[in-house]
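Data first, discussion second: the structure below is written as structure tokens.
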Amino acid sequence: MKIAVLLYQPGPNLNPLFQLLGRQKGVDLTVYYRNSLGVKAEYDPAFGVTVDWGVPVLGGYNYKILRNYFLRPSDQFWGGMNFGIAVEIWRNKFDAILIHGWNSLANWLAFFTAFLTRTPVFLSSESPLNQEILKSKWKLFIKKIIFGKIFFPYIAAFLYIGEENRKFYKHYGVPDKKLFFYPYAADNERLMRESNLLKPSRDKLKKELGFGAESMAIVFVGRLVIQKNPLNLLTAYEKLSQIKNLKSKVSLVFVGEGILRPELEKYIKKHNLKNVILAGFQNKINLMKYFAASDVFVLPSGMGETWGMVVNEAMCFGLPIIISNIVGSGSDLVKNGENGFIISKGDIDKLAEYLKFLVDNPEKRLSFGKKSLDIIGNYNYEKDVEGILKALAYIEKND
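Under UniProt numbering, the sequence shown is numbered contiguously, ending at residue 399.
What follows is the structure in structure tokens.
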């Protein structure tokens, strides 16, 4: 089967997936990227710094980076003038094409050309229902018509990344027979292997990274932007630091860059907060050290955090997780009171309360971490490939 995939850019979590898919018997895979951002070290506007992932992001499968004719390529709609995708679909007569999202001109060129050539389209997206229903009623009404009556009926199969994404498709009328599990997965095998190598040296790593060997380390990973609410975590940490007789010292590390860094620095100075580290952007190799040295992972994001791949990565290192109820992966990855906690967005008091609970109960941190490992084991590349192959079998049967 000749399969095409259309994505925005290469990434460290995509390479192993497509290598595995390309090795499947009977699969002839070509992956098309709309730009080459991330292939080499260069400035990434999303992070605000020069990004070098430190691990391979391309290779081991057939791929092509499409020329973008827009003067300033971006992930916005008009920033995707990759007209070549239409030619590729027309010439190659694919048995199916997997298109991620619908927010780019290139994607709509692919949809239209696939329709003309009668190429079955598999659609993937990150849209979670828990965020969708918070949008205005008139927008939802219009989308019900466009998605439910016009767009989605022409899609051959839908690959959902998690429970909220599945509910999103169901909300717009997609039948169960067209839904296939395609989990948002990290490179679990590599991450768990590195965790096993690094964890025996945790005390040394804590000192090396400035945590303090005896402290419970709280880690946040992501861009320092309003959407991710890093100031909420810093405020909760301030509340925690005011509590007397904690059973452990506590440290907080922010891994990432963004426009809120000056505000975080100002808050730290104003409130004289100790043991707070702003580590800046770290590539995938260095990031693993921070996960291995940490004890709790927190992501208090709001709207726009459609999944949160860093949650997967933290769980591969056996960390308890605290996230907001807006984060798209919560329904799948966080079981309240079993491997972490889900808080209402902006509930700083509850965040501080749960952090105190984990400080005072080291045995719970361990049991939560073990549960994280159990859960994340089901979100892997093998399941992704299985979902694609099941979708292929479905369209063959219903051709």
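A virtual CB, placed ideally from N, CA and C, is assigned to each residue, including glycine. Note that the coordinates shown come from a computational prediction; the quantities given were computed from them, not determined experimentally.
>> Extract the residue ranges of the beta strand (DSSP E) inside the region 312 to 355, only unbroken runs of 3 or more that lie entirely within it.
In response: 321 to 324, 340 to 343
> Rounded to a whole number of angstroms, what is the C-alpha to C-alpha distance between L299 and T235?
Replying inline: 14 Å
> Would you report the Cα separation of L109 and N13, rounded to the nearest angstrom?
Replying inline: 26 Å
>> Cutting at 7 Å between CB atoms, please list the residues of its own chain near A391, excluding the five before and the five after it.
In response: Same-chain partners within the cutoff: F122, A157, L159, F180.
>> So, with DSSP's three-state summary, where would you put S36?
In response: coil
>> Can you tell me where the alpha helix (DSSP H) holding K2 begins and where it ends?
In response: No alpha helix (DSSP H) holds K2; the beta strand (DSSP E) holding it covers 2 to 7.
> CA-CA distance, I321 and L205?
Replying inline: 21 Å
> Is it a yes or a no for the region 124 to 135 touching the region 365 to 376, going by three-plus beta-carbon pairs under 8 Å?
Replying inline: no
>> Relative to the C-alpha of D194, which candidate in A86, V27, A314 has its C-alpha closest?
In response: Looking at the sequence shown, residue 194 is not Asp but Glu. Closest by alpha carbon: A314.
> Taking the continuous alpha helix (DSSP H) assigned at M216, which residues delimit it?
Replying inline: First-last for M216: 215 to 221, but that is the beta strand (DSSP E), not the alpha helix (DSSP H).
> Where does H100 fall in DSSP's three states?
Replying inline: strand
>> With three or more C-beta pairs closer than 8 Å as the rule, is the region 197 to 216 touching the region 242 to 255?
In response: Contact between the region 242 to 255 and the region 197 to 216 is established, with three or more Cβ pairs separated by less than 8 Å.
> Do you know whose CA, among G337, K40, G80, lies nearest L7's CA?
Replying inline: When only C-alpha atoms are compared, the closest one is G80.
> Near E163, which residues of its chain fall below 7 Å by C-beta distance, leaving aside the five closest residues on each side in sequence?
Replying inline: Counting only Cβ-Cβ distances below 7 Å, and skipping sequence neighbours, we find S331, D332.
>> Let's see if you can read the secondary structure: which residues bound the alpha helix (DSSP H) around G369?
In response: 362 to 376
> Skipping 5 residues on each side, what residues in its chain have a beta carbon closer than 7 Å to that of G26?
Replying inline: Within the same chain, G26 has close Cβ partners M1.
> In chain order, what residues of the same chain have a beta carbon less than 8 Å from the beta carbon of K249, not counting five sequence neighbours either side?
Replying inline: G212, E214, S215, M216, N275
>> Here's the rule: buried if 16 or more other CB atoms are within 10 angstroms of the residue's CB, otherwise exposed. What is D374?
In response: The residue is exposed, with fewer than 16 neighbouring Cβ atoms inside 10 Å.
> Taking C-alpha atoms, which residue in K149, T306, P230 lies nearest to E257?
Replying inline: P230
>> So, at 7 Å on beta carbons, what are the nonlocal neighbours of F115 in its own chain, with the 5 sequence-adjacent residues on each side left out?
In response: Y154
> Quick one, which of N232, R34, Q282 has its alpha-carbon nearest G84's?
Replying inline: R34
> Candidates Q9, K383, L246: which alpha carbon is nearest N107's?
Replying inline: The shortest Cα separation from N107 among Q9, K383, L246 belongs to Q9.
> Just the Cα atoms here: how many angstroms apart are L355 and K371?
Replying inline: 18 Å
>> Assuming the contact rule is C-beta atoms closer than 8 Å, I376 and N312 should be a hit. Round their C-beta distance to whole Å, please.
In response: The pair is a contact, with the Cβ atoms about 6 Å apart (cut-off 8 Å).
> How would you call W138, buried or exposed, if buried means at least 16 neighbouring beta carbons within 10 angstroms?
Replying inline: Looking at its Cβ environment, which holds fewer than 16 other Cβ atoms inside 10 Å, W138 is exposed.
> In chain order, what residues of the same chain lie with their CB nearer than 8 Å to the CB of Y290, ignoring the 5 residues before and after it?
Replying inline: Excluding residues within five positions, the ones whose Cβ falls inside 8 Å are L209, V219, V221, V253, V255, A279, Q282.
> For L264 versus S294, is the C-beta distance shorter than 8 Å?
Replying inline: Contact annotation: L264 and S294 have beta-carbon atoms that are not nearer than 8 Å.
>> Which residues does DSSP list as the beta-bridge partners of V298?
In response: I322
> If F77 sits next to S104, beta carbons under 8 Å apart, how far is it from one beta carbon to the other, in whole angstroms?
Replying inline: Your pair F77 and S104 checks out as a contact, with CB atoms roughly 6 Å apart and the cut at 8 Å.
>> Quick check: the Cα distance between F357 and F341, rounded to an integer number of angstroms?
In response: 11 Å
>> Judging by CA-CA distance, which residue of S136, R118, L287, K167 is the nearest neighbour of S125?
In response: S125 has its Cα closest to that of K167, out of S136, R118, L287, K167.
> What separation, rounded to the nearest whole angstrom, lies between the Cα atoms of K143 and N339?
Replying inline: The straight-line gap from Cα to Cα measures roughly 36 Å.
>> Assuming K335 and P183 are in contact, meaning their beta carbons sit under 8 Å apart, how far apart are those beta carbons, in whole angstroms?
In response: Their Cβ separation, rounded to whole angstroms, is 16 Å, which puts K335 and P183 out of contact at 8 Å.
> If you count every other CB in all the chains shown that lies within 10 Å of the CB of D399, and 16 or more means buried, which is it?
Replying inline: exposed
>> Going by DSSP, what residue range makes up the beta strand (DSSP E) through F158?
In response: 157 to 160
>> Can you list, in chain order, the residues of its chain with a C-beta nearer than 6 Å to that of D95? Leave out the 5 residues immediately preceding and following it.
In response: M1, K2
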